[in-house]
Structure formats: structure tokens, C-alpha cells
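*Asks:* Pasting in a structure now, in C-alpha cells, and then I'll have a few things to ask.
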Amino acid sequence: MLLPIANNFVAAEERSGALSHVADLNDDGIAGILNLLGEHYDDPADAAADADAYVELVEAIDDAGLDCCISVKPSQIGLDVGDEVFRTHLERIVDAGVEHDVFVWIDMEDYTTTDVTLDAFEHHARETDGNVGVCIQANLKRTPEDVERLADVPGKVRFVKGAYDEPGRVAYKKKARVNEAYRDLLATAFETFDDGIAVGSHDPDVIEYVEGLAAEHDTPFEFQLLMGVREDAQHELAAEYDVYQYVPYGGKWLSYFYRRIRERKENALFALRAIVS
16 MLLPIANNFV AAEERSGALS HVADLNDDGI AGILNLLGEH YDDPADAAAD ADAYVELVEA
76 IDDAGLDCCI SVKPSQIGLD VGDEVFRTHL ERIVDAGVEH DVFVWIDMED YTTTDVTLDA
136 FEHHARETDG NVGVCIQANL KRTPEDVERL ADVPGKVRFV KGAYDEPGRV AYKKKARVNE
196 AYRDLLATAF ETFDDGIAVG SHDPDVIEYV EGLAAEHDTP FEFQLLMGVR EDAQHELAAE
256 YDVYQYVPYG GKWLSYFYRR IRERKENALF ALRAIVS
């Protein structure tokens with residue numbers, strides 16, 4: 016059973032509750048991104064089980080006629096077991112997405128997984144003519160080169176600042192520097208991308224900055240915001256722009272909160288502010 020604090024950020028433990036939450040979002044003009052909670056499996060059976068669950072989720076989204084896509088963590092579907100296990104399960108999920116017209120996002124995890132994740136995205140983006148997306152993180156020093164690589168790849172790219180506490184040799188550590196890198200990446204993307212840009216930020220200054228970029232460029236874009244965080248702003252934005260709410264669900268909600276809070280002190284403060292507001 017979800018604790019009251021978890022109800023703010025996790026839709027339900029069961030798939031049916033998550034689908035119902037997305038249906039309510041759709042009624043308000045907001046699309047959903049469903050994420051079954053789970054990550055860092057070292058047991059092949061666990062990875063296979065969650066891959067099966069994602070295939071079933073795709074079918075359920077189609078059956079319900081929802082405006083909804085899914086987002087999958089590589090370590091959840093076998094990356095910690097082996098690269099080939101991850102690729103095999105991802106292919107099953109992407110194939111289901113194509114069959115049922117459900118978009119598939121590939122989440123980005125810590126910096127050690129960047130190359131294999133981007134390789135998988137590019138492969139499936141070209142194979143499906145853009146029915147997949149990938150997340151990239153502004154705090155990583157390598158990301159400008161990754162953006163250049165992805166500019167002509169079909170599909171969508173989600174831009175986030177980055178939640179993982181990465182070592183200083185690969186990532187910017189100061190908040191101001193990450194914010195600067197994030198704005199630079201967004202500007203580059205709006206200038207050079209032909210396919211979709213997803214802006215994963217709740218920062219009002221970033222949102223205003225993106226609105227300015229959108230006024231200058233015709234690049235398709237959307238805002239993506241977390242369930243339970245500035246939901247009033249989500250509804251306001253949805254009156255003018257495409258807005259997606261990232262909706263976690265499942266029985267592993269406790270470990271989800273523990274990891275998010277442990278990764279960075281800012282995550283705990285951010286969650287606290289969201290609850291209070």
C-alpha cells in the first residue's frame with residue numbers, strides 16, 4: 016500500500032491504477048509517460064519479467080485508447096546482466112510499441128551506461144523511423160558531442176539537467192555551470208534538430224527560456240514534468256503546449272524514493288517543497 020507521501024509522486028502499485036491516472040490526465044489535455052518502477056536487476060528472470068510487463072503495458076495503453084507512451088530504464092531490462100540481454104528485451108518492447116502505436120522512451124542512467132544507451136536508441140530510432148526517444152543529461156561534459164551526433168537521428172530527445180551524482184572528471188558539479196550547459200544544449204537543439212525536443216524541467220526560468228526559443232524556431236517540442244511536482248503549472252502549460260506527465264507506478268516505490276533522495280540532497284528538498292506547495 017502506498018504511503019501518503021508516495022501518493023504525491025507514484026500513481027499506483029497496480030497497472031490499472033496507473034492507466035486510470037493517465038485517463039484523468041488526458042481529460043485535462045495532458046499526455047502520460049508511464050514508468051514501471053524497477054532498476055539495477057542482476058537476475059535475468061527479474062529483467063525478463065519487467066520486459067514482459069512493459070509489453071503488456073503497451074497493449075493495455077492501446078486497448079484503452081490513451082494518449083500515453085512508456086519510459087524504460089536499461090538496468091531494469093537487463094543491462095546489469097549483460098548488454099545483449101538489454102538489447103534483446105528492448106527490441107521486444109520497441110516492436111510492441113510499433114505494433115500498437117505507442118512511443119517508447121529509453122531513460123538514461125549513470126554515465127557508465129551512456130554509450131550503450133545511445134547506441135540502442137540510434138539503432139531503434141532508424142529502424143522504426145523515430146518511434147523511440149532517449150534522455151540526455153546536461154551535467155555530463157560529453158553531452159554537447161552527443162547532441163551533435165543525435166541531431167539528424169529520427170525520434171525525440173529529452174533534455175534534463177541530470178540527477179545522478181557523477182564524478183567531477185565527467186560531470187559539472189556546480190549548479191550554475193549545469194544550468195548554463197542546459198540552456199546551451201536547448202538552444203543548439205532548437206537550432207539544429209528536425210524532430211522532437213522534450214524539455215524535462217520544472218524550473219520557471221527554463222520554461223520561459225524555452226518559450227522564447229520556440230517563438231524563434233519551428234522545431235517541434237514538448238514539456239515533460241513529473242507527477243506531483245508543480246501540477247498547477249502543468250495544467251497552465253497544457254493550454255498552449257504539448258505537455259506530458261512522467262508517471263511512475265508499481266510496487267517498488269520505496270526503493271525509488273530512497274534512491275532519488277540518496278543521489279542528491281537537492282532531490283529531497285525538491286520533493287519536500289513540492290509536497291508543501
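In this text, residue positions in the sequence shown follow the numbering used here: the first is 16, and each later residue adds one.
No residue lacks a Cβ here, since even glycine has one placed at the ideal position from N, Cα and C.
(1) Can you give the beta carbon distance from residue 91 to residue 62, rounded, assuming they're within the 8 Å contact cut?
(2) So for residue 174, helix, strand or coil by DSSP?
(3) Can you tell which of 86, 41, 247, 76 has its C-alpha closest to the C-alpha of residue 123?
(4) Determine the direct distance from the alpha carbon of residue 264 to that of residue 30, and round the result to whole angstroms.
(5) Short of 6 Å in beta carbon distance, which residues of its chain neighbour residue 207, apart from the five on each side in sequence? Order them along the chain.
(6) First and last residue of the beta strand (DSSP E) that includes residue 236?
(7) Helix, strand or coil, according to DSSP, for residue 263 in the structure here?
(8) Whose C-alpha, out of 164, 125, 81, 138, is nearest the C-alpha of residue 179?
(9) Residue range of the alpha helix (DSSP H) that residue 35 falls in?
(10) Between 186, 189, 230, which has its C-alpha nearest residue 202's C-alpha?
(11) By a C-beta neighbour count over all protein chains shown, 10 Å radius and 16 as the cutoff for buried, is residue 254 buried or exposed?
(12) I want to know whether the region 144-164 touches the region 208-224 - three or more CB-CB distances under 8 Å.
(13) From the DSSP output, read off the bridge partner residues of residue 152.
(14) Quick one: residues in its chain with C-beta nearer than 7 Å to the C-beta of residue 35, no 5 flanking neighbours on either side, listed in chain order?
(15) Relative to the C-alpha of residue 76, which candidate in 219, 38, 256 has its C-alpha closest?
(16) For residue 145, which three-state DSSP category applies?
(17) With a threshold of 8 Å between beta carbons, is residue 134 in contact with chain B?
*Replies:* The relevant details are as follows:
(1) Indeed they touch by this definition, with Cβ atoms about 7 Å apart.
(2) Here residue 174 sits in strand by DSSP.
(3) Closest in C-alpha terms to residue 123, from the list 86, 41, 247, 76, comes 86.
(4) C-alpha separation (whole angstroms): 7 Å.
(5) Excluding sequence neighbours, residue 207 sits near 166.
(6) Counting along the chain, residue 236 sits inside the beta strand (DSSP E) bounded by residues 236-241.
(7) Taken through DSSP and simplified to helix, strand or coil, residue 263 comes out as strand.
(8) Nearest C-alpha to residue 179: 125.
(9) 30-42 is the extent of the alpha helix (DSSP H) around residue 35.
(10) Taking only the C-alpha atoms, the option nearest residue 202 is 230.
(11) Only exposed fits residue 254, as fewer than 16 other CB atoms lie within 10 angstroms of its CB.
(12) Yes, the region 144-164 is in contact with the region 208-224.
(13) The partner list for residue 152 (beta bridge, DSSP) reads 175.
(14) Here the set comprises nothing.
(15) Residue 76 has its Cα closest to that of 38, out of 219, 38, 256.
(16) Coil at residue 145, not helix or strand.
(17) Of the chains in the structure shown, none is chain B; there is only one protein chain.
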